[in-house]
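Quick note, our numbering runs 152 ahead of the 1-based positions in the sequence shown.
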Amino acid sequence: MSVTVQRTRRRLYETPTTENCVNDEAAMPESREHWRRSDHIIYDNIFWSASLGAVPLPGIDLLLVSTIQLKMINQIAMEYGQPFSRYRAKAILGALGGGGAVAGLSLLKLIPGVVSFGGGVSFAIYASASTYAVGKLFQRHFEAGGSLTDFDTAAAKKELPQLVEEGKRQARMAKKRA
Numbered sequence: 153m154s155v156t157v158q159r160t161r162r163r164l165y166e167t168p169t170t171e172n173c174v175n176d177e178a179a180m181p182e183s184r185e186h187w188r189r190s191d192h193i194i195y196d197n198i199f200w201s202a203s204l205g206a207v208p209l210p211g212i213d214l215l216l217v218s219t220i221q222l223k224m225i226n227q228i229a230m231e232y233g234q235p236f237s238r239y240r241a242k243a244i245l246g247a248l249g250g251g252g253a254v255a256g257l258s259l260l261k262l263i264p265g266v267v268s269f270g271g272g273v274s275f276a277i278y279a280s281a282s283t284y285a286v287g288k289l290f291q292r293h294f295e296a297g298g299s300l301t302d303f304d305t306a307a308a309k310k311e312l313p314q315l316v317e318e319g320k321r322q323a324r325m326a327k328k329r330a
């Protein structure tokens, strides 16, 4: 039996406001349950990326956000029962790129006055958007039965800009609600 729950307010790390709740957990298909739990993992890590992306120290923010993304990939891999390799995950994150744009946003924090206005906020939004995109890429990959060893970075690079834009929209909506 399925019941629709309406929530009036939603936190950044929560799933969409309308959820189908099933009274009997055993009746829920396993893949839907994996998807729901991995969504929670992604939204939790978006929150942390946004928070740590606002750190006013250039370079440190990059380290913190990439650490959050590695932790998120590990959590999603564990959710889907996939083995995790920190070195393989780092290589995939590096191959996905975005490093130039992220480093540029991080370096904005070196300019006096920018930290208090644009640099920190811009990087926090981009950090949460890129974390969302990376999380969704791995969620879809693991859902399809993939592992870290067969991750197709070329296909993921094509999908990444669209997911980053979707992540930016999610971050802006969460910012307006807060």
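Note that the Cβ used here is the ideal one computed from N, Cα and C, for glycine as well.
Does the separation of the CB atoms of residue i and residue j fall below 7 Å?
i      : j      : result
Ala202 : Ser280 : yes
Tyr284 : Ile198 : yes
Glu231 : His293 : no
Drop a sphere of 10 angstroms on the beta-carbon of residue i, count the other beta-carbons inside from all chains shown, and report buried for 16 or more, exposed for fewer.
i      : result
Gln291 : buried
Ser218 : buried
Ser183 : exposed
Leu215 : exposed
Tyr278 : buried
Ala308 : buried
Ala296 : exposed
Arg321 : exposed
Ala306 : exposed
Once the 5 residues before and after residue i are set aside, which same chain residues still bring their CB inside 6 Å of it?
i      : result
Gly287 : Ile194, Met224
Trp200 : Ile220
Tell me which residues share the same chain as residue i and place their Cβ nearer than 7 Å to its Cβ, disregarding the 5 neighbours each side in the sequence.
i      : result
Gln314 : none
Ala276 : Ala202, Gly205, Ala206
Phe303 : Ile244, His293
Under 8 Å by Cβ, that's how I've got residue i and residue j pegged, so tell me the actual separation to the nearest angstrom.
i      : j      : result
Ala241 : Leu300 : 6 Å
Gly319 : Ser274 : Gly319 to Ser274, Cβ: 14 Å. No contact.
Leu289 : Glu311 : 7 Å
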